[in-house]
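Have a look at the structure below before the remarks.
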Amino acid sequence: MAPKQKAPCYVLGVGMTKFIKPRGKVDYTELGFEAGVKAMLDAQVSYDEIDQGIACYCYGDSTCGQRVFYQFGMTQIPIYNVNNNCSTGSTGLHLGRTMIAGGMADAVLVVGFEKMFPGSLQSFFNDRANPTGTTAEMMKATRGITNAPGAAQMFGNAGREYMEKYGAKDEDFAEIARVNHEHSKRNPYSQFQQEYTLEEVMKAPMIHAPLTKLQCCPTSDGGAAAVLVSQDFLDARPHLKEQAVLIAGQQLNTDAASLFSRSSIDLMGYEMTKTAAKTALKEAGVSIEEVKVCELHDCFSANEMIVIDALGLSEHGKAHEMVRKGDITYGGKMVINPSGGLISKGHPLGASGIAQCAELVWHLRGWANQRLVKGTTAALQHNLGLGGAVVVTVYKRADGGKCTPVSDEEVGKRNGLGYNPAVEAKGFTKAQVDRVRSKTARSEWALQDTEQKVEARF
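Set out below in structure tokens:
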């Protein structure tokens, strides 16, 4: 059966916190509140205009979403709590788009947040089967087990297979990380903003060859949010059309049977990424050659390598050649992870996919000035979670045109904030918070002292 034509869905507003080291200093209530307020300010809407809420997080008790959203208002709207491993944020975006495309809502607020623990990812339910247990057993049967963190082993093994099959070298994986760290210098929200030489990346402590420490994403605390709206909602606000970004194509896929083919690359969801990319690009009417900017799931440099291949950004088996030619950064064929990617920007699981969305929205608006990929007509997003799920999204400007740079001063005038959030991470005033919180159903008890805590960090 041919897929039905979906009604248009636009990203009207985005906002995010700085991504920070997980040290327990900032609670998820603050992270979600800050991101949500910023997204609504950007969209120039109040919570009273929101029909549905979607909360995205992996670590936390049930209904953390309500705890965050009640700070905006207690309007009795449906609030959904989403957990889909590392693809949680983009799964929330997919759910929101499904609601709008199906006529179930005109405005959806998607908020992703994560308060994590230092160190590698942990499992907390050790009295039952682990959802990725069969994946780990396949890794054990094919490549063995070491003392390295499990995720680093799995993705590192995929990198080893890419080297064995296609001739990639250690330096190629290190170059991916070098590029992402260099990109992060221009992202004010990035957890790390330090540039490294190729030699420094390669000489960093080895985690699981070919992956050194600087090729592995950190755990992070952070939040990100987006306001998704329908065509009717946007048409009623014609002055906002210049900032609206169309979700032109989007696909959420889960694993194929090839997951257990005994290939380390397949074990990391290669086929579901490949299938989702083809479907999303087809829906958007975009060829992969048209994509000039891409945010993809570089939890490890090895995953960026195999995802470049799976998305079709390179010829099959030649992702490393694309890296060697400089075609993943400014001055090359395209720019991959202008935000710094998960490797340098950070990876608070529930927020990562929405932060990718924010970065691409800022590019298509022409706001990402010091890291802008000029002339962009289509942007590609890839967000992966083992277990598994992947979401691939294609974004276009609402007018179908190319992005052109908008000065920081002009952005500040248009959004009424006095600054450009794409290039400057700032807080907000009490008056701005009051502007977006519900006028009819707000509760100061629900807010507690979150507002003051957020203000204190800026």
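Numbering (this note's numbering), first residue to last: 1409 to 1866. Heads up, the beta-carbon is just placed ideally off N, CA and C, and yes, glycines get one too.
Asked, Found
"Per-residue DSSP class, three states only, for G1754", "coil"
"A1386 - containing beta strand (DSSP E), residue span", "Because the chain here runs from 1409 to 1866, residue 1386 falls outside it and cannot be looked at."
"Nearest-angstrom Cβ-Cβ length linking G1481 and S1846, presumed shorter than 8 Å", "3 Å"
"Within 8 Å, strictly: CB atoms of A1559 and C1707", "yes"
"Element boundaries [beta strand (DSSP E), containing N1661]", "V1653 to N1661"
"Element boundaries [beta strand (DSSP E), containing V1799]", "A1797 to R1805"
"Other residues of its chain near R1505: CB distance less than 7 Å, five sequence neighbours each side excluded", "C1417, L1636, I1655 and Q1658"
"Element boundaries [beta strand (DSSP E), containing Q1460]", "Q1460 to C1464"
"For H1790, the three-state DSSP class (helix, strand or coil)", "strand"
"Assumed close pair I1428, G1725 - CB separation to whole angstroms, cut-off 8 Å", "The pair is not a contact, with the Cβ atoms about 38 Å apart (cut-off 8 Å)."
"Backbone CA spacing between K1577 and L1719 [nearest angstrom]", "21 Å"
"Outcome for L1420 when other beta-carbon atoms lying within 10 angstroms are tallied against a minimum of 16", "buried"
"Burial state of K1804 (16 or more Cβ within 10 Å)", "buried"
"Nearest neighbour of L1660, chosen from S1592, A1692 and T1683 [CA to CA]", "T1683"
"Burial state of W1775, where buried means 16 or more other Cβ atoms lie within 10 Å", "buried"
"Where the alpha helix (DSSP H) through N1489 begins and ends", "Where N1489 is concerned, there is no enclosing alpha helix (DSSP H), although the beta strand (DSSP E) it sits in stretches over I1487 to V1490."
"Beta-carbon gap between S1470 and N1565 smaller than 8 Å", "no"
"Proximity of N1493 and G1749 at Cβ, strictly below 8 Å", "no"
"Spatial neighbours of T1550 in its chain, beta-carbon cut-off 6 Å, leaving aside the 5 residues before and after", "R1670"
"Within 8 Å, strictly: CB atoms of V1356 and A1515", "Summary: the structure shown does not reach residue 1356, with the chain confined to residues 1409 through 1866, and so no result is reported for it."
"Residues of its chain near M1742, where Cβ-Cβ distance is below 6 Å and the 5 sequence neighbours each way are ignored", "K1700"
"Limits of the beta strand (DSSP E) - the one that Y1574 falls within", "Note, Y1574: premise wrong, no beta strand (DSSP E); alpha helix (DSSP H) at G1558 to Y1574."
"Proximity of P1626 and G1432 at Cβ, strictly below 8 Å", "no"
"Secondary structure of R1850, DSSP reduced to three states", "coil"
"Three-state secondary structure assigned by DSSP to V1731", "helix"
"Close-in-space but distant-in-sequence residues of the same chain around T1425 (CB under 6 Å, 5 per side omitted)", "L1439, E1442, A1443, G1630 and G1631"
"Neighbourhood of Y1478 by C-beta distance below 6 Å, restricted to the same chain and skipping five residues each side", "A1854"
"G1473 - partner residues in DSSP beta bridges", "G1473 pairs with nothing; no bridge assigned."
"R1475 versus Q1840 - alpha carbon distance", "21 Å"
"Coarse secondary structure for H1705, derived from DSSP in three states", "coil"
"Identity of the residues DSSP links to V1518 by a beta bridge", "I1462 and A1634"
"Per DSSP, the bridge partner or partners of Y1418", "V1637 and L1654"
"Stretch pair the stretch 1820-1836 + the stretch 1784-1803: three plus CB contacts closer than 8 Å", "no"
"Through-space distance from E1572 to Q1460, alpha-carbon basis", "48 Å"
"Under 8 Å between C-beta atoms of A1786 and A1634", "no"
"Three-pair Cβ contact test at 8 Å for the stretch 1755-1762 versus the stretch 1637-1648", "no"
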